[in-house]
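Novice: Protein chains in written order, with my numbering: chain Z, 2 to 231; chain F, 22 to 139; chain C, 2 to 548. Supplied in structure tokens, the structure appears directly below.
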Amino acid sequence: MSELAAHGAHAHPPGFAHQFEDMAQQKEAGTLGMWAFLVTEILFFGGMFTAYIIYRSLHLPGFITGSHLLVVKFGAINTAVLICSSLTMALAIRSAQTGKGRGTIIFWLILTMILGATFLGLKFAFEWSKDYAEHIVPGAYFGFQYHPSWGANAPYVQMFMCFYFFMTGLHALHMVVGLGILAVLVGMTAANKFSSQYYTPLEISGLYWHFVDIVWIFLFPLLYLIGGRY
Amino acid sequence: MSDHGEHGPGHIVPVGVYVLVFLALMAGTALTTWIAYINLGPWNTPVALTIAVCKMLLVVLFFMHVKYATGLTRVVIICGFFWLGIMITLSLSDELTRHWELNPAPWNVILPFIHHLF
Amino acid sequence: MNDAPAASSVNYLNANYGIRSWLLTTDHKRIGLLYLAVITFMFLIGGSAAVLMRLHLVEPQGALVEPDTYNKLFSTHGIVMVFFFLVPSIPATLGNFLIPIMIGARDVAFPRLNLMSWYIFVAGCTLGMIAILSGGVDTGWTFYPPYSSLYAHTPVVTMAMGIFVAGFSSILTGLNFVVTIHKMRAPGMTWFRLPLFIWALYATSLIFILGTPVIAVTVLLLGLERLFHVGIFDPAVGGDPLLFQHLFWFYSHPAVYIMILPSMGVISELITAFSRKKVFGYSMIAFSSLAIAIISFIVWGHHMFVTGQSVYAGLVFSVLSFMVAIPSAIKVFNWTATLYKGSISYQAPMLYALGFIGLFTMGGLTGLFLASLATDVHLNGTYFVVAHFHYIMVGGALMGYLGGIHFWWPKITGRMYPDLWARLAAAIVFVGFNLTFFPQFVLGYLGMPRRYAVYPAEFQVLNVMSSAGASVLAVGYVIPLVYLIWSMRYGPEAGRNPWGAKGLEWTTPSPPPTENFETPPIVTEDAYEYPVAAESTYPNAPGVARV
């Protein structure tokens, strides 16, 4: 794919950016940049995790009650869906690394997108819309009156639901952005931009996608499994 | 001079490894879900978090290729989690000690004796 | 622009013409100038708020505005000056311009991301201006709930969004800088040959990356609470207002080091250049930059000693806050040692640098009064705090910024400004600054609270003194605007190295070509290798030049 120029200047493979000396430096810079960005995401989600940890330590009974309002089945299925999507993403990058044709890469990317969209669809259809129907969306219409058994813990049940919606909402927003990135990658792959020499955008987008998966790996036990289900 | 044009594909992980990691992650998910239905008392949470950390490590090391990455990458990742730890720890150090006045701290017990001496 | 006969080459300013070539540029030097334009505008906005405040405070019952308006003035002043001026100031202007040149690279690692971060910054400033023009917020720049979440009837969400967006811009800048410095140094440019300005900006970029996301999620939570009436920080529904403060200050304390570290980097450059002497203790200054960045993250609770934080946490934060003074002190000692037996000249940049050392030291020392729990109980919420942070942010950061602008102006524009006017302005700034803010230490000690639109009559003399000083300070800021802009057209050509300073940026033409260097540099010597005078064989001979 990279033409060796006849006139003696060193070859510039496709995708080479001229502020760099060579492709190796470009790849290292891109990877370091994406990892630095993921660190900012750790701190970004981390702010919400910190708040969650503090309130959970101080008001555990309310949080347990809130957690039991969620359906474990859907959380577990969604976790499995995201893990599958991480596998397909890794396989997409591997296809590029091993020089497979763009068809293969696009196949895995689209499969990843389908799984991501499935996650969002399941979330919206089976969890959030039902939560809305059951009056457990925090705010002015939170259904305190339907749950007299909550007693003094009631404000903290709403607090838990706040965190549930904020954290899964922020996560879902990142998934949507991820789907957008994947769509762009599909376009770039179709335009033959990638090869076994140059697939950095695929690799660093994969890092982002796996990171979003990891956030969910923590959200699942922290939101759905508090206090056990026995 | 060094070859500037060619650049290899980087470390390629075998498909088998990816599939194994995938299966381990699925097993971990099943495990953590199953254990939630068993009464381990205060241990439910630490167990669930341990499983989550293991799953995270699998994703980070294999899917995100950190096992084959430079030391700089690892330092960056560790820093991210360490700083999150600072935020959580020092915030908790306030939130959890707000009501410590109610139970006298050790030196509050000793102080009357010191006053008595002088 | 370049109409003198010696300006033969194409440089980054004249390589392309037209507004599209500026608005779509990926050249880090042009992006630095784009930032310079926007932050100068925001400085004028924040400065106008300050002018109105000081005019208002000449009378004990207030001379100018209603108390509600006064609240909006100090809030606007703080928000604009912190988020839209000081945080981006040196990194986005001088940092963007100089980092690639100082390390011998062609550009930053991600030039398009660099341009995008400017547009994001402009979007953030626009949201901020919209909030100001819709009346302005009155919560203070600290936005403490429950006032900001439940009771304020001002455009809090808009301003919070502006801060969120501007913060994102700084994250991208910090990211760009870290990758650039790690990966794009020229051959021979090892870490310990880097200029100290680079070390300072590297440390600053670490804070950008680690701290800014937390303020982002904090204002996001505040906005959500305000919009959807949910109770994360609302005590009535089980929330903790102090949680907001923890999250807020986790960023905002390191943020003050974002504001001072780059300035310290500038001072390191200025002191060594105008003493014509290698900096004393290079590695200690480099490590102290990193130490400041790291320790800055574990001291935030000293802003919360009197707001309800537990005493035990307060003790921990107090001890840690004393620690953070140490690396700053190391720098001051090393700069002073650099001056010792140097060949000192007093051009404008050096005047700013010397002013910095004195004023920053005073600001830093008064910080210790505030770090100590017992004295902070009395001084918190008074003008002592106001004077302390203005000594650091204005006497320190802003003077470093002005010194840097003056030092690198000939490199950026290819023109020299009139040094006499520059020295005069520096002197006016120094005098005006002290007249403005020293009385505020006394006011705070005497007990005058901050953020109050009215005050007891016995404080009037000091307030009037402070306001008079502010008018002198304002003159000192306007003068450079005039001669710097004048010099862009009429200033004499500067040539490559008007100061005779060491550093890769002085080896390239002024203004530099778009690719920064005519031939890519290879570095063979340490930083600041100024020629050392010959050793005398008669050590104490009078009049003999010594090292």
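Think of the CB as a built atom: it goes at the ideal place given N, C-alpha and C, for glycine as much as any other residue. Keep in mind it's a predicted model, so treat the numbers as computed, not measured.
Please report the residue range of the alpha helix (DSSP H) in which residue 198 of chain Z lies.
Specialist: Note, residue 198 of chain Z: premise wrong, no alpha helix (DSSP H); not H, not E.
Novice: Please check the pair residue 14 of chain C and residue 440 of chain C, which I expect to be a contact at CB under 8 Å, by giving their CB distance rounded to whole angstroms.
Specialist: With a Cβ gap of about 44 Å, residue 14 of chain C and residue 440 of chain C do not count as contacting.
Novice: I want to verify the contact list: residues of chain F whose CB lies under 7 Å from the CB of residue 40 of chain Z, in sequence order.
Specialist: Those are 97, 100, 101, listed as they occur along chain F.
Novice: Since residue 29 of chain Z meets chain C, which of its residues come closer than 7 Å, beta carbon to beta carbon?
Specialist: Near residue 29 of chain Z (Cβ distances below 7 Å), the residues of chain C are 184.
Novice: Compare the beta carbon distance of residue 368 of chain C and residue 393 of chain C with 9 Å and say whether it is the shorter of the two.
Specialist: Their beta carbons are under 9 Å apart, which means residue 368 of chain C touches residue 393 of chain C by this criterion.
Novice: Buried or exposed, going by whether 16 or more other CB atoms sit within 10 Å of the CB of residue 304 of chain C?
Specialist: Flag for residue 304 of chain C reads buried.
Novice: My output table needs one value for residue 416 of chain C: the three-state DSSP class, helix, strand or coil.
Specialist: It is a strand residue.
Novice: Measure how close the beta-carbons of residue 242 of chain C and residue 147 of chain C come, nearest whole angstrom, since I'm counting them as under 8 Å.
Specialist: About 6 Å separates the two Cβ atoms, so the contact holds.
Novice: 9 Å is my cut-off, CB to CB: does residue 172 of chain Z come that close to chain C?
Specialist: Cβ-Cβ to chain C under 9 Å: no for residue 172 of chain Z.
Novice: Leaving aside the five residues before and after residue 2 of chain C along the sequence, list all residues of the same chain whose C-beta is less than 8 Å from its C-beta, in chain order.
Specialist: Low confidence applies to residue 2 of chain C: its pLDDT is 42, below 50, so where it sits in the model is not reliable enough to give any reading.
Novice: Which class does residue 8 of chain Z belong to by DSSP, given the choice of helix, strand or coil?
Specialist: The predicted position of residue 8 of chain Z is uncertain, since its pLDDT is 37 and thus under 50; no value can be drawn from it.
Novice: Hey, is residue 213 of chain C's beta-carbon within less than 9 Å of any beta-carbon in chain Z?
Specialist: Yes, its Cβ sits closer than 9 Å to a Cβ of chain Z.
Novice: Please report whether the beta-carbon of residue 227 of chain C lies at a distance below 9 Å from any beta-carbon of chain B.
Specialist: Given the protein chain composition of this structure (Z, F and C), no chain B is represented.
Novice: Counting along the chain, where does the alpha helix (DSSP H) carrying residue 101 of chain F start and finish?
Specialist: It spans 92-116 - the alpha helix (DSSP H) in which residue 101 of chain F sits, taken as one unbroken run.
Novice: Which class does residue 557 of chain C belong to by DSSP, given the choice of helix, strand or coil?
Specialist: In this structure chain C extends from 2 to 548, so residue 557 of chain C is not present and cannot be described.
Novice: Between residue 104 of chain C and residue 182 of chain C, how many whole angstroms is the CB-CB distance? I'm expecting something under 8 Å.
Specialist: Correct: roughly 7 Å between the Cβ atoms.
Novice: Does the beta carbon of residue 104 of chain F sit closer than 9 Å to a beta carbon anywhere in chain Z?
Specialist: Yes, contact with chain Z.
Novice: I'd like to know whether the C-beta of residue 31 of chain F is nearer than 9 Å to at least one C-beta of chain Z.
Specialist: Interface residue, yes.
Novice: Three Cβ pairs or more, each shorter than 8 Å: is that satisfied between the segment 57-72 of chain Z and the segment 150-159 of chain Z?
Specialist: The segment 57-72 of chain Z vs the segment 150-159 of chain Z: in contact.
Novice: Just the Cα atoms here: how many angstroms apart are residue 275 of chain C and residue 28 of chain C?
Specialist: Their backbone Cα atoms lie some 30 Å apart in a straight line.
Novice: Would you tell me roughly how many angstroms separate the C-alpha atoms of residue 220 of chain Z and residue 404 of chain C, rounded to the nearest one?
Specialist: Distance between the alpha carbons of residue 220 of chain Z and residue 404 of chain C is about 49 Å.
Novice: Going residue by residue through the segment 15-75 of chain Z, where are the continuous alpha helix (DSSP H) segments of at least 4 residues, counting only ones entirely within it?
Specialist: Within the segment 15-75 of chain Z, the complete alpha helix (DSSP H) runs of at least 4 residues are 24-59, 61-69.
Novice: Closest Cβ-Cβ distance between residue 205 of chain Z and chain C: below 9 Å?
Specialist: So no, residue 205 of chain Z is outside the interface.
Novice: With H, G and I counted as helix, E and B as strand and the rest as coil, what does DSSP make of residue 481 of chain C?
Specialist: In the structure shown, residue 481 of chain C sits in a helix (DSSP, three-state: H, G or I).
Novice: Taking the beta carbon of residue 69 of chain C as the centre, do at least 16 other beta carbons fall within 10 Å, making it buried, or is it exposed?
Specialist: Burial call: exposed.
Novice: Put residue 383 of chain C into one of helix, strand or coil per three-state DSSP.
Specialist: Note: residue 383 of chain C maps to strand in three-state DSSP.
Novice: Between residue 516 of chain C and residue 510 of chain C, what straight-line distance do the alpha-carbon atoms span, to the nearest angstrom?
Specialist: Roughly 11 Å separates the two Cα atoms.
Novice: Count the other C-beta atoms from every protein chain shown that fall within 10 angstroms of the C-beta of residue 520 of chain C, then say buried if there are 16 or more, exposed otherwise.
Specialist: Under this definition residue 520 of chain C is an exposed residue.
Novice: For residue 77 of chain F and residue 42 of chain F, I'd like the C-alpha separation in whole angstroms.
Specialist: If I take the Cα positions, the gap works out to 11 Å.
Novice: Going by beta carbon distance, what residues of the same chain come within less than 8 Å of residue 8 of chain C, once the five residues before and after it are set aside?
Specialist: Residue placement at residue 8 of chain C is poorly supported in this model, since its pLDDT is 47, which falls under 50; the coordinates are not used for a value here.
Novice: What is the DSSP secondary structure of residue 68 of chain C, counted as helix, strand or coil?
Specialist: Residue 68 of chain C falls in the helix class under three-state DSSP.
Novice: Any beta carbon from chain C within less than 9 Å of residue 16 of chain Z's own beta carbon?
Specialist: No, residue 16 of chain Z lies away from the interface with chain C (no Cβ there is under 9 Å from its Cβ).
Novice: From the beta carbon of residue 8 of chain Z, is the nearest beta carbon of chain F less than 9 Å away?
Specialist: Annotation note: pLDDT 37 at residue 8 of chain Z (below 50); position unreliable, coordinate value reported separately. So no, residue 8 of chain Z is outside the interface.
Novice: Chain F beta carbons: is any one of them nearer than 9 Å to that of residue 5 of chain C?
Specialist: Caution is warranted here: a pLDDT of 43 is assigned to residue 5 of chain C, below 50, making its placement in the model unreliable, and no coordinate value can be reported.
Novice: Please tell me whether residue 161 of chain Z has its Cβ less than 9 Å away from any Cβ of chain F.
Specialist: It does not; no Cβ of chain F falls within 9 Å.
Novice: Counting C-beta neighbours from all protein chains within 10 Å, is the total for residue 231 of chain Z 16 or more, i.e. buried, or is it exposed?
Specialist: It is exposed - the Cβ of residue 231 of chain Z has fewer than 16 other Cβ atoms within 10 Å.
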